[in-house]
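Novice:
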Ligand code: SAM
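Residue numbers (our numbering): 68 to 322.
Okay, here's the thing in structure tokens:
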């Protein structure tokens, strides 16, 4: 089977990295796990071997039937479809952990979508990501990597790079390096489905070199940006963003 670039098909071949993912995921017999993009099933096999209660896997490329048909068992469900558009509400039992080596081209829309399911109980993600995406997700204020999704995650929990992964750990070898990122969601679950919060962050970053007073002009309800007016979006802390959001909606979130 020819690996397709448009499906981000770089398959993990390094056993040490596989072991590291499994150890870090700290799998329990009560865990219901979600895997996105099982590919030929290298991670799927390990997840199932660790006595979890259930595994859901979502795969887009139906040419992988031959590899994945071997995994038939009572506590495994394979769903064919696009993980970005997938209706996760249909999963039963509902997963509490996501462990996956995802296709890198869907990273941002996928995580935005998944954050909505924190209130259903999906609050832990262990993801293999392109290194640049990992740096953006974990970027601190005042850095050029800072971007809306990183702030959205920080407002709900935290993200950390656990391990840098060389491109030579995959086949075919991609043009970029990778990193394993752990995301834990623990508060403010309502924020994720809130269109205005997402809109505010995206508008703030729309023109990175412009000040907030210019980027947020469309939000007429914001009376006064005060100390933030002449700052740039990337300079603000998560607390600052929640403060602006509070001024806009009068809804208060935990900091
Ligand atoms: N988990 C395997 C591994 O570690 O070797 C494969 C990882 S590979 C980086 C990404 C996988 O995601 C591929 O199997 C690809 O077909 C699948 N994929 C690509 N786009 C997808 C999408 N939108 N939804 C679900 N799966 C997708």
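Glycine included, C-beta positions come from ideal geometry on N, C-alpha and C.
1. What is the residue span of the alpha helix (DSSP H) that residue 305 lies within?
2. Near residue 237, what residues of its chain come up, given a Cβ to Cβ distance below 7 angstroms and the 5 sequence neighbours on each side ignored?
3. For residue 215, collect the residues of the same chain with a Cβ closer than 8 angstroms to its Cβ; drop the 5 residues on either side in sequence, then sort them by chain order.
4. Please classify residue 169: does DSSP put it in a helix, a strand, or coil?
5. The beta strand (DSSP E) with residue 195 in it runs from where to where?
6. Flag this pair as touching only if the stretch 155-173 and the stretch 97-108 have three or more C-beta atom pairs under 8 angstroms; answer yes or no.
7. Give me the residue from 223, 246, 224 and 122 with the minimum Cα distance to residue 234.
8. If you measure between the beta carbons of residue 279 and residue 262, is that distance less than 8 angstroms?
9. Considering only the alpha carbon of each residue, which of 119, 180, 257 and 75 lies closest to residue 153?
10. With residue 204 and residue 229 assumed to form a contact (beta carbons below 8 angstroms), what rounded beta-carbon distance in angstroms separates them?
11. Using only the alpha-carbon positions, how far apart do residue 145 and residue 196 sit?
12. Using a 10 Å radius around the Cβ and a threshold of 16 neighbouring Cβ atoms, would you call residue 282 buried or exposed?
13. Look up residue 206 in the DSSP assignment and say whether it is helix, strand or coil.
14. Which whole-angstrom value describes the C-beta separation of residue 142 and residue 159, a residue pair presumed to lie in contact below a C-beta threshold of 8 angstroms?
15. Residue 313: buried (16+ other C-beta within 10 angstroms of its C-beta) or exposed?
16. Per DSSP, residue 274 forms a beta bridge with which residues?
17. Residue 176: buried (16+ other C-beta within 10 angstroms of its C-beta) or exposed?
18. Quick check on residue 77: does DSSP put it in helix, strand or coil?
19. Compute every distance between the C-beta of residue 149 and the non-hydrogen atoms of the ligand SAM, then say whether any falls below 7 angstroms.
Specialist: This is what the structure holds:
1. 305-316
2. 77, 78, 79 and 80
3. Counting only residues of its own chain and dropping the five nearest sequence neighbours on each side, residue 215 has a CB closer than 8 angstroms to the CB of 265, 268, 269, 271 and 272.
4. In this structure, DSSP gives residue 169 a state outside helix and strand, which the three-state scheme calls coil.
5. Per DSSP, the unbroken beta strand (DSSP E) holding residue 195 starts and ends at 191-197.
6. yes
7. 246
8. no
9. 180
10. Contact flag wrong, Cβ pair sits at about 12 angstroms.
11. 22 angstroms
12. Burial of residue 282 is indicated by the presence of at least 16 other C-beta atoms within 10 angstroms of its C-beta.
13. coil
14. Not quite, the Cβ-Cβ distance comes to about 12 angstroms (not below 8 angstroms), so this is no contact.
15. exposed
16. In DSSP, residue 274 forms no bridge with anything.
17. Per the 10 Å Cβ criterion, exposed.
18. Residue 77 carries a coil assignment under DSSP once its states are collapsed to helix, strand and coil.
19. Distances between the C-beta of residue 149 and the heavy atoms of the ligand SAM include at least one below 7 angstroms.
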